[in-house]
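Engineer: Protein chains in written order, with our numbering: chain A, 1 to 129; chain B, 1001 to 1129; chain C, 2001 to 2129; chain D, 3001 to 3129; chain E, 4001 to 4129; chain F, 5001 to 5129; chain G, 6001 to 6129; chain H, 7001 to 7129; chain I, 8001 to 8129; chain J, 9001 to 9129.
There are 10 protein chains.
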Amino acid sequence: MTTRPSKELEVFDNPQPSREYTIRMNIPEFTCLCPKTGQPDFANLTLEYIPDQLCVELKSLKLYMWSYRDEGAFHEAVTNTILEDLVAATSPKFMRLTAEFWVRGGIDTTVIAEHRAPGWRAPEPVELP
Amino acid sequence: MTTRPSKELEVFDNPQPSREYTIRMNIPEFTCLCPKTGQPDFANLTLEYIPDQLCVELKSLKLYMWSYRDEGAFHEAVTNTILEDLVAATSPKFMRLTAEFWVRGGIDTTVIAEHRAPGWRAPEPVELP
Amino acid sequence: MTTRPSKELEVFDNPQPSREYTIRMNIPEFTCLCPKTGQPDFANLTLEYIPDQLCVELKSLKLYMWSYRDEGAFHEAVTNTILEDLVAATSPKFMRLTAEFWVRGGIDTTVIAEHRAPGWRAPEPVELP
Amino acid sequence: MTTRPSKELEVFDNPQPSREYTIRMNIPEFTCLCPKTGQPDFANLTLEYIPDQLCVELKSLKLYMWSYRDEGAFHEAVTNTILEDLVAATSPKFMRLTAEFWVRGGIDTTVIAEHRAPGWRAPEPVELP
Amino acid sequence: MTTRPSKELEVFDNPQPSREYTIRMNIPEFTCLCPKTGQPDFANLTLEYIPDQLCVELKSLKLYMWSYRDEGAFHEAVTNTILEDLVAATSPKFMRLTAEFWVRGGIDTTVIAEHRAPGWRAPEPVELP
Amino acid sequence: MTTRPSKELEVFDNPQPSREYTIRMNIPEFTCLCPKTGQPDFANLTLEYIPDQLCVELKSLKLYMWSYRDEGAFHEAVTNTILEDLVAATSPKFMRLTAEFWVRGGIDTTVIAEHRAPGWRAPEPVELP
Amino acid sequence: MTTRPSKELEVFDNPQPSREYTIRMNIPEFTCLCPKTGQPDFANLTLEYIPDQLCVELKSLKLYMWSYRDEGAFHEAVTNTILEDLVAATSPKFMRLTAEFWVRGGIDTTVIAEHRAPGWRAPEPVELP
Amino acid sequence: MTTRPSKELEVFDNPQPSREYTIRMNIPEFTCLCPKTGQPDFANLTLEYIPDQLCVELKSLKLYMWSYRDEGAFHEAVTNTILEDLVAATSPKFMRLTAEFWVRGGIDTTVIAEHRAPGWRAPEPVELP
Amino acid sequence: MTTRPSKELEVFDNPQPSREYTIRMNIPEFTCLCPKTGQPDFANLTLEYIPDQLCVELKSLKLYMWSYRDEGAFHEAVTNTILEDLVAATSPKFMRLTAEFWVRGGIDTTVIAEHRAPGWRAPEPVELP
Amino acid sequence: MTTRPSKELEVFDNPQPSREYTIRMNIPEFTCLCPKTGQPDFANLTLEYIPDQLCVELKSLKLYMWSYRDEGAFHEAVTNTILEDLVAATSPKFMRLTAEFWVRGGIDTTVIAEHRAPGWRAPEPVELP
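1) The segment 4099 to 4110 of chain E: which residues have C-beta closer than 7 Å to a C-beta of chain G, in chain order?
2) Contact defined as beta carbons within less than 8 Å: I believe lysine 4093/E pairs with isoleucine 4050/E. What is the distance between those atoms, to the nearest angstrom?
3) Does the beta-carbon of alanine 77/A, which I'm using as the reference point, lie nearer than 7 Å to any heavy atom of the ligand COA?
4) Do proline 6129/G and arginine 9019/J have their C-beta atoms closer together than 8 Å?
5) Could you tell me whether the Cβ of glutamate 29/A comes closer than 8 Å to any Cβ of chain F?
6) Just list the residues that DSSP pairs isoleucine 5112/F with in beta bridges.
7) Alpha carbon to alpha carbon, how far is tyrosine 5064/F from methionine 5001/F? Give it in angstroms, no decimals.
8) Is there a Cβ from chain B that is less than 8 Å from the Cβ of glutamate 2076/C?
9) Given that a residue counts as buried once 16 or more other Cβ atoms are within 10 Å of its Cβ, and exposed if not, what is proline 7017/H?
10) So with Cβ pairs under 8 Å, would you call threonine 9046/J a contact of chain B?
11) Which ranges would you report for the beta strand (DSSP E) in the segment 47 to 85 of chain A if only whole runs of at least 3 residues count?
12) Determine whether the beta carbon atoms of glycine 5106/F and lysine 4062/E lie at a separation below 8 Å.
13) Shorter than 8 Å from the beta carbon of arginine 5069/F to some beta carbon of chain I?
14) Under DSSP, the beta strand (DSSP E) around valine 6011/G begins and ends at which residues?
15) Count the other CB atoms, across all protein chains shown, that sit within 10 Å of the CB of glutamate 7029/H; report buried if there are 16 or more and exposed otherwise.
16) Quick one: Cα of histidine 5115/F to Cα of valine 5087/F, how far?
17) Excluding the 5 residues flanking glutamate 3100/D on each side, which residues of the same chain have their C-beta closer than 7 Å to its C-beta?
18) Assign proline 1040/B to buried or exposed, taking buried as 16 or more other Cβ atoms, counted over all protein chains shown, within 10 Å of its Cβ.
19) Are the CB atoms of glutamate 4076/E and proline 3005/D nearer to each other than 8 Å?
20) Identify whether threonine 3130/D lies in helix, strand or coil by the three-state DSSP scheme.
21) Which residues of chain B have a Cβ atom closer than 9 Å to the Cβ of glycine 9038/J, listed in chain order?
22) Enumerate in chain order the residues of its own chain whose CB-to-CB distance from asparagine 80/A is below 7 Å, with the five nearest sequence positions on each side excluded.
23) Taking only beta-carbon positions, decide if glutamine 2053/C is within less than 8 Å of chain D.
24) Mark arginine 5121/F as exposed unless 16 or more other C-beta atoms lie within 10 angstroms of its C-beta, in which case mark it buried.
25) Under the assumption that leucine 5047/F contacts valine 5011/F (Cβ atoms under 8 Å), give the Cβ distance between them as a whole number of angstroms.
26) In angstroms, rounded to a whole number, what distance separates the CA positions of valine 4078/E and leucine 4009/E?
27) State the Cα-Cα distance for the pair arginine 6059/G and lysine 7059/H, rounded to the nearest angstrom.
28) For threonine 3003/D, count the other beta carbons within 10 Å of its own beta carbon; 16 or more makes it buried, fewer makes it exposed. Which is it?
29) Pull up the DSSP beta-bridge partners for threonine 2031/C, would you.
30) Can you list, in chain order, the residues of its chain whose CB lies under 6 Å from that of alanine 73/A, leaving out five sequence neighbours each side?
31) Determine which residues of the segment 1008 to 1029 of chain B have a Cβ less than 9 Å from any Cβ of chain A, and write them out in chain order.
32) Is the Cβ of glutamate 4114/E closer than 8 Å to any Cβ of chain F?
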């Protein structure tokens, strides 16, 4: 099993595709470079999704995140790119990526992007007492 | 009374099947093995359900959870498998399993899966002042 | 006035039966025995109800709770039994019993059961600024 | 101005009867006697109301509460009686009394009673960003 | 620029009358006199409004609040009077005044009054993820 | 790359215009001058928006905020002006600016202004369990 | 066993007089009368002591506190009187009484009085890792 | 009993002069005028003392604080003056006055002054487990 | 009275030089320029001192802080300079300045500097129960 | 590098043996078996030490902890054994192991053991202002 940074996202078959369930991953160790100054940027990413036929494999996700370490990336662009790559790899019913970037120039930025499969509707939530 | 790990889930007759009520169990001591590396994984499980004719017996639930101690199990799969086993054993009206796995590769994962009996609808909640 | 444990629930006439109002009682000192091992179990009970013609008397409620001290009782069963006894004694418009049992076998259990009088509907709540 | 306990509730003209507004009073120093044992009971009262033509005067409210100091009173009854006296004195559009009694016999009790003027409906709340 | 207490509320043209926006002012230093005993009362005021053509000027608001320092004022009346003066001066689309008075006679009182311009409806709020 | 205060807001093409996503920026270092007294004012700004074709560039936003350092500006006006400049530069689908100004004259003020593109409606939020 | 208010403090033999240990009692339901106005005062009392040969009996302590319900008492005096009565009844090695009175005239008062037996020295506290 | 502001501090005999005990009073409703601008200032005062032969009477303390309502007073001076007046009236063994003034000119100020009777030494504190 | 930024620190005679007391001022609105980039820096300052013969006047302190608004200043240097200026102006017995600067380059810096008059010793603190 | 459970603790040379510094490791995933019942136990371990010539290697520490997964171990014994193994491997100046075991039989247990090298004295702590 490789342990090099890689843009390759491995997937595996959703073990229970007949049920809509939620997977939530917190990825606090994301770092990339500022495309303007070349200095490091840091972010806390939160990935939430309802899989369809495929799930993203945890280790390849780690290596994928690692692959941004030496790349320049604007906040808004990299959040959308990561979401798109994850959507392309897994075709989920719903996916949301929240990227909380650390303060730069006295300003801190959060970008939140979602994908909804065409025609998909969120199930009505059940609130137990 | 046996105290060996076991996949056998014992049930008992719901003492009050004519009423919809909630049972919530917190199971903080779940551990299994990573199927890729063989290393231990840990999770905090929360089980919530509205029983129909059967309830799951507490001690057999503990032994059932123990049975994963030496098994390899992916996060998404084991959450769904446990839910399915519990649904198969008790045929509840509603059941939700939340599995919060500890950080691996700098990423922590939560999987939340639900079962709803066909045709069942959640009762309208009563909010008292 | 007796001070022995007793299954007898005393009631008194609702002093204001023409108004729907809420009575909430917190009963943190409930203890019974595990029917399998005979060891003590502990729970925090919360009783909430809207009375109709009768209210439950506080001291008899205390003695009633005391009566479980030397009885074996499963979590799910005892919660429903207490609710039923209280419903039988007071015929309330609405009653909810929440029983939070302490950890046993590494698992802690909460059982929440409700009674709604046939045809009764919860009044629309008023939210003041 | 008298400073003796008194059941007399003084009122004054609502200074702005054309507007629906909220008056909320916290009364943490309520004490009465247990009608069974004669021992002191204590409660924290919260009064919330939307006045119509009359408001309750603060000092007379204090003396009114004081008047229960030497009276025996059940939790449920005294809460409803106070609400009724306040409704009789002020004929409000809406009034809610919450009485949180201190622990007795290991059980603490809260009673919440409301009055709504016939035909009155709560205004839709405005939530500002 | 005068710095004397004054009932005169200065206003200025709303710099952006074509947009509904919220102005929220916290005024923790309000004091007046009890009209019965002549003793000082204290309150924390919160003013929230959606202006129409006019905004209230900050310094004149401070001097206006100061003008109550030597005036007797009942809790309910002064809250409504201040709201009315502010409404008369600025004709806002919506205005809410919350006055939290300090404890007197063991009771603390909060008065909350609102003005809504005839025909005005609150805009539907936007909740971003 | 210039580092002088500037009213010029640079923008860049929204990297993902086909998706509605949220950008939230916290700008705690805003300062301007009081137009009446010439003394410094301070505020914490929060900018939230859903971009259409354009995003605001982070560094130019910092320089834009810096440009108010030596300008006189009323609380209500400067909040609306900044929102308008940002709307003019980026034509977003939705934009909200919250400006929390520090206490002046014993009163602290928050101004919250929103822009909604004509015909735009907020998407229904998805709540995952 | 009587249940009338009483100034009689019952004691019992310290079951372990050869050891210095701490007894801490919280008494939140103390009420007496203001000796100037006759109006009720309220306090939360905390009693802490290291017994010598005698301990104070719980129920008699409750009845003792009740005995102040109809007595006029200044804050400073009643705190010292209660301490003295408890010292006279139990001759403790150390005793501290903390009385937190509710706000009166916009001022709230706490009185803290201690007794140390002649020649007694507090044991050096042990800090465990 | 007068209820006018007054610089006269009434005292009463310490009910227990043979014991060193603490009296702590919180006085959140202090207000005076700025001697430069004539505008109101506000402070939260905390008075802590160990009395010798005399205690300060609560109501006269309230009227004394009230007497500053229309007086100009610098923060540092008024704190010391109040302490001196209280020391002159009661000759305590120890007295500390903490005055937390509200923000003025973007700066908030706290002044803390102490008096120790000549030759007095604080008793060694007792820490109970 | 001038309201222009000024390096002139006004002082006034300590109203009680025979007593050692503490003055603590929180100054959250400090801003200067980075001497390398010319960009704004921000800090929260806390000044604590025991005056000897002189106190610093509040308004001149505000104008003094304002005087740094257009000056370049390194974090460590400006903290020490301000302390020195305040020491030179007031010759206090003790003075401590804490400057908490906002994050720059992903690092936030706090500088804490003290002055002690030659031969001065801090008084032993009194801890009341 | 092996990834099997192992009792072998690897070490590496302390990179700065001339300085006393602290290493603190939190190990929340410890599990072993109860030697009486064979059922799983769980604990959170905290290791703190001041190294002398050697440091413990992180991965071997993980594998060492893993080695207890299938071993029976009493709480008190296993805490001391782990401390001894770590002391034997690294000969530290100071080492403390805190083991917080999860509730068993309604009781949760924490065991804290320390090692101090002969003649070693902890440096006096420096408290900065």
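Note that the Cβ used here is the ideal one computed from N, Cα and C, for glycine as well.
Structural biologist: Reading it off the structure:
1) Trp4102, Val4103, Gly4106
2) Position 93 of the fifth sequence, counted from the first residue, corresponds to residue 4093/E. Position 50 of the fifth sequence, counted from the first residue, corresponds to residue 4050/E. About 4 Å separates the two Cβ atoms, so the contact holds.
3) Of the ligands one can find in the structure shown there are none, so the ligand COA has no counterpart to examine.
4) Walking along the seventh sequence from the start, residue 6129/G turns up at place 129. Walking along the tenth sequence from the start, residue 9019/J turns up at place 19. No; because the gap between Cβ atoms is not below 8 Å, this pair is not in contact.
5) As a first step, residue 29/A must be located in the first sequence, where it is residue number 29. No, because no Cβ of chain F sits closer than 8 Å to the Cβ of glutamate 29/A.
6) Taking the first residue of the sixth sequence as position 1, residue 5112/F is located at position 112. Isoleucine 5112/F is bridged to Thr4022/E, Thr5098/F.
7) Indexing the sixth sequence from 1 puts residue 5001/F at position 1. Indexing the sixth sequence from 1 puts residue 5064/F at position 64. Only weak support exists for where methionine 5001/F lies, its pLDDT of 48 falling under 50; the coordinates are left without a value.
8) Here the question's residue 2076/C lines up with position 76 in the third sequence. It does: the Cβ of glutamate 2076/C has a partner Cβ on chain B nearer than 8 Å.
9) By 1-based counting over the eighth sequence, the position of residue 7017/H is 17. Under this definition proline 7017/H is an exposed residue.
10) For the purposes of this step, residue 9046/J is taken as residue 46 along the tenth sequence, with counting starting at 1. Threonine 9046/J does not count as touching chain B.
11) 54 to 56
12) Position 106 of the sixth sequence holds residue 5106/F. Position 62 of the fifth sequence holds residue 4062/E. In this structure, lysine 4062/E lies closer than 8 Å to glycine 5106/F by Cβ.
13) Walking along the sixth sequence from the start, residue 5069/F turns up at place 69. It does; some Cβ of chain I falls within 8 Å.
14) As a working mapping, residue 6011/G is identified with position 11 in the seventh sequence. Counting along the chain, the beta strand (DSSP E) containing valine 6011/G begins and ends at 6011 to 6013.
15) Counted from its first residue, the eighth sequence places residue 7029/H at position 29. Buried, since its Cβ has 16 or more Cβ neighbours within 10 Å.
16) Here the question's residue 5115/F lines up with position 115 in the sixth sequence. Here the question's residue 5087/F lines up with position 87 in the sixth sequence. In a straight line, the C-alpha of histidine 5115/F is about 8 Å away from that of valine 5087/F.
17) Sequence index remark: in the fourth sequence, residue 3100/D carries index 100 (1-based). Ala3043, Asn3044, Thr3110, listed in sequence order.
18) Translated into the one-based positions of the second sequence, residue 1040/B becomes position 40. That one is buried.
19) As a working note, residue 4076/E is residue 76 in the fifth sequence. As a working note, residue 3005/D is residue 5 in the fourth sequence. Contact: no.
20) What is shown of chain D runs 3001 to 3129, which leaves residue 3130/D out entirely.
21) Against the tenth sequence, residue 9038/J aligns to sequence position 38. In chain order: Thr1003, Arg1004.
22) As a working note, residue 80/A is residue 80 in the first sequence. Cβ within range, chain order: Ala113.
23) The residue you call residue 2053/C lines up with position 53 of the third sequence. Not an interface residue.
24) One-based indexing of the sixth sequence puts residue 5121/F at position 121. The residue is exposed, with fewer than 16 neighbouring Cβ atoms inside 10 Å.
25) As a first step, residue 5047/F is located in the sixth sequence; it is residue number 47 there, counting from the start. As a first step, residue 5011/F is located in the sixth sequence; it is residue number 11 there, counting from the start. In fact, because the Cβ distance is near 14 Å, the residues do not count as touching under 8 Å.
26) For this step, residue 4078/E is matched to residue 78 along the fifth sequence. For this step, residue 4009/E is matched to residue 9 along the fifth sequence. Approximately 16 Å between the Cα atoms of the pair.
27) Position 59 of the seventh sequence, counted from the first residue, corresponds to residue 6059/G. Position 59 of the eighth sequence, counted from the first residue, corresponds to residue 7059/H. Note on identity: in this sequence residue 6059/G is lysine, with arginine being the wrong assignment. Taking the straight line joining both Cα atoms gives about 35 Å.
28) Position 3 of the fourth sequence, counting from 1, holds the residue named residue 3003/D. By the neighbour-count rule (16 or more Cβ atoms within 10 Å), threonine 3003/D is not buried but exposed.
29) Position 31 of the third sequence, counted from the start, is the residue given in the question as residue 2031/C. Bridge partners of threonine 2031/C: Phe2042/C.
30) As a working mapping, residue 73/A is identified with position 73 in the first sequence. Excluding positions up to five away in sequence, the list reads Cys32.
31) Tyr1021, Thr1022, Arg1024
32) Start at 1 with the first residue of the fifth sequence, and residue 4114/E comes out as number 114. No, because no Cβ of chain F sits closer than 8 Å to the Cβ of glutamate 4114/E.
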